[in-house]
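Letter by letter, the sequence shown follows residues 1 to 491 in the UniProt record's numbering. C-beta atoms are modelled at their ideal positions from N, C-alpha and C, and glycine is treated no differently. Working notes, beginning with the structure itself.
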Amino acid sequence: MRGNGKLDRFVVIGGGISGLSSAFYLLKEAKQRGRKAVITLVDPSERIGGKINTLRRDGFIIERGPDSFLARKTPIIDLAYDLGIEHELTGTNPAAKKTYILHHGKLHAMPPGLVLGIPTEIAPFAKTSLLTWKGKLRAAMDFVLPASKETGDESIGDFLSRRLGSEVMERVAEPLLAGIYAGELRNLSLAATFPQFRDAERKHGSLIRGMRANKRKAALAPPSVSRVPAAVKNSMFLTFKGGLATMLEALDAALSNVERRMGRKAVAFRQNDPDEHGEDSAPYEVLLSDGEILEADGIVITAPAYDAADLLEPHMNVDALRDIRYVSVANVVMAFDKASLGVDFDGSGFVVPRSEGTTITACTWTSAKWLHASPSNKVLLRCYVGRAGDEAVVDLPDDVLKEAVRSDIRLVMGITAEPLFTEITRLHHSMPQYPVGHLQKTAQLRTKLRAEMPGVWLTGAAFDGVGLPDCIRQGKEAASGVYKSLLGEYK
């Protein structure tokens, strides 16, 4: 398939970070190739950014959606440089390195040496009060248990239980890892979420040995050639001083010439027959909810899997998309006068195992973790609610939800002070759950789509990672892939 020789017309479906990144890199790709692109962005929301939503209020920087990203994942760093906002990057407070786990109603510091919930230092792990001696001895069996010879995918929960035992999985790994997806570890694909665990087992015969080797290798590696600014090089997590909206505002400006159809939804698309429409007609037409039809040489679909499935179902089997269910979550942010609390925060927050029975699943001590997030005489706490199997809490009335969260922090941290204000954000059907076999099934779907409908690209958080850098990387890959299809560069 080839462009019409005048303009390359693209429709990007979805105005979240995946769609914005796709549009941004389509423009860059066009410029590098000496072509001219006209892009139309379509989203049912009236605002761009999807789940990214920064509230600036009374000197506070409040994130209603994601609040940061891993510094080692460079696509977002590259985008910051492309947008000229790299000087706005900021890291976590170096004095707030501790993280806690709630166990039997008390906060227990995570033992040093934990890497994604996997112990890499034996002495601190042996001393932790989070586990029984039986649980610790079962985890030590990882050193002698043979590596699995199975080559297929399995769930994270099954893998960790097999290597370290159910106690470590439920009390340590589950609250840490499941929080990323708000999921149930026994239903989440290992290959699609933490493939390094399986690699560690296969290469070293032990998960602990493998993760320890990876940690040692990273420590001995030469200085990173990443473009992370020197001022934030030592921080594991990064964000922007003015919040993640800084990135949205820069993208908004960079995409000022992109046509937008906000508040409208793409409801269908069709492939045109050149014999009926003529050689100069666009290969595709996209139908919007208000009846408008957009012509397109290429389409990038970054919508949630359920909406993408509706668009593709008339054209092919979409079981791989229907298998991706979504979990609803919410966050409750509370601001306090520091003087009213009588509590000192020596870490970044705590996570909560399912067995604790609390409403909240985690709490970030935001003003301690991110020094830019609040005035120095104030405190900002962000509590999370909702996860797979416990989503009804998300839709509790505001007053009921506030009281449930306040009850939890009163019991856990002894905080009885009245908040200056409370912000509740509900994110319905926002967290994609990667089922076992996810990568193989979605790869097959994308291969079939590329062969049968060249120029139509399927991407976003439902596929190869939910983090902001993962979505940006996928947007960049989509831009390259669509152009390769457009110009017949795929073999």
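Range covered by the alpha helix (DSSP H) that runs through residue i
i, result
"residue 27", "17–32"
"residue 436", "Careful: residue 436 lies outside any alpha helix (DSSP H) and carries neither H nor E."
"residue 415", "Premise fails: residue 415 is in no alpha helix (DSSP H) and is neither H nor E."
"residue 122", "122–127"
"residue 159", "156–164"
"residue 197", "195–204"
Neighbour flag for residue i against chain C, beta carbons, 8 Å
i, result
"residue 427", "As a matter of chain content, chain C is missing from the structure shown, which is built from one protein chain."
Closest residue to residue i among the options (Cα-Cα distance)
i, options, result
"residue 458", "9, 7, 8, 13", "13"
"residue 303", "10, 18, 7, 9", "18"
"residue 434", "428, 32, 144, 325", "325"
"residue 418", "336, 446, 451", "336"
"residue 250", "371, 88, 146", "88"
"residue 241", "204, 355, 369, 385", "369"
"residue 210", "128, 267, 121", "121"
"residue 98", "373, 349, 354, 437", "349"
"residue 442", "189, 163, 354", "189"
"residue 289", "25, 8, 204, 45", "45"
"residue 322", "312, 305, 316, 315", "305"
"residue 128", "92, 155, 85, 172", "172"
"residue 273", "265, 70, 283", "283"
"residue 334", "359, 402, 263, 429", "402"
"residue 247", "57, 86, 7, 428", "86"
"residue 316", "448, 285, 367", "448"
Simplified DSSP state of residue i, which is helix, strand or coil
i, result
"residue 388", "coil"
"residue 249", "helix"
"residue 313", "coil"
"residue 2", "Note that residue 2 scores 49 on pLDDT, short of 50, meaning its location in the model is unreliable and no value can be drawn from it."
"residue 55", "strand"
"residue 135", "helix"
"residue 190", "helix"
"residue 510", "The structure shown does not extend to residue 510, since the chain is modelled only from 1 through 491, so no value can be given for it."
"residue 211", "helix"
"residue 373", "helix"
"residue 508", "In this structure the chain extends from 1 to 491, so residue 508 is not present and cannot be described."
"residue 238", "strand"
"residue 322", "helix"
"residue 179", "helix"
"residue 360", "strand"
"residue 481", "helix"
"residue 48", "coil"
"residue 405", "helix"
"residue 294", "strand"
"residue 258", "coil"
"residue 473", "helix"
"residue 463", "coil"
"residue 70", "strand"
"residue 486", "helix"
Residue i, enclosing beta strand (DSSP E) - first and last residue
i, result
"residue 328", "326–337"
"residue 9", "8–13"
"residue 347", "347–351"
"residue 79", "Not the beta strand (DSSP E): residue 79 falls in the alpha helix (DSSP H), residues 75–83."
"residue 37", "37–43"
"residue 63", "60–63"
Residue(s) in a DSSP beta bridge with residue i
i, result
"residue 271", "284"
"residue 378", "337"
"residue 457", "300"
"residue 514", "Limits of the chain in this structure are 1 at one end and 491 at the other, which puts residue 514 out of reach."
"residue 264", "None, per the DSSP bridge assignment."
"residue 90", "239"
"residue 424", "332"
"residue 119", "114"
"residue 383", "332, 363"
Distance cut-off 7 Å: residue i Cβ against heavy atoms of the ligand COA
i, result
"residue 298", "Among the components modelled here there is no ligand, and therefore nothing to report on the ligand COA."
Worksheet entry | At least three beta-carbon pairs within less than 8 Å, the stretch 99–114 to the stretch 134–152 | Segment contact: the stretch 99–114 against the stretch 134–152, fewer than three CB-CB distances shorter than 8 Å; contact not assigned.
Worksheet item: Quick check: the stretch 113–121 against the stretch 171–191, are there 3 or more CB pairs under 8 Å?
Response: Between the stretch 113–121 and the stretch 171–191, the count of Cβ pairs shorter than 8 Å is three or higher; the stretches touch.
Discussion item. Tell me whether the stretch 470–481 and the stretch 20–39 touch, counting them as touching only if at least three CB pairs, one residue from each stretch, are closer than 8 Å.
Written reply: With a cut-off of 8 Å, the stretch 20–39 and the stretch 470–481 count as touching, because enough Cβ pairs lie within range.
Worksheet item: Pairing CB atoms from the stretch 334–350 with CB atoms from the stretch 70–90, are three or more of them under 8 Å?
Response: They do not touch, by the three-pair rule.
Worksheet item: So does the stretch 462–470 actually touch the stretch 199–219, counting three or more Cβ pairs closer than 8 Å?
Response: Judged by pairs of C-beta atoms under 8 Å, the stretch 462–470 does not touch the stretch 199–219, as fewer than three such pairs exist.
Discussion item. For the stretch 191–199 against the stretch 40–47, do three or more pairs of beta-carbon atoms, one drawn from each stretch, fall closer than 8 Å, so that the two count as touching?
Written reply: With the cut-off at 8 Å, the stretch 191–199 and the stretch 40–47 do not touch.
Worksheet item: Okay, do the stretch 130–138 and the stretch 228–236 touch, 3+ Cβ pairs below 8 Å being the bar?
Response: Put simply, the stretch 130–138 does not touch the stretch 228–236. Fewer than three CB pairs are less than 8 Å apart.
Worksheet item: Is the stretch 155–169 close to the stretch 405–413, with three or more CB pairs under 8 Å?
Response: Counting Cβ pairs under 8 Å, fewer than three are found: no touch.
Discussion item. With three or more beta-carbon pairs closer than 8 Å as the criterion, would you say the stretch 372–379 touches the stretch 45–64?
Written reply: Flag = yes, the stretch 372–379 and the stretch 45–64 touch.
Discussion item. With a threshold of 8 Å, are at least 3 pairs of Cβ atoms found where one atom belongs to the stretch 373–388 and the other to the stretch 325–334?
Written reply: In this structure the stretch 373–388 touches the stretch 325–334; the number of beta carbon pairs closer than 8 Å is three or more.
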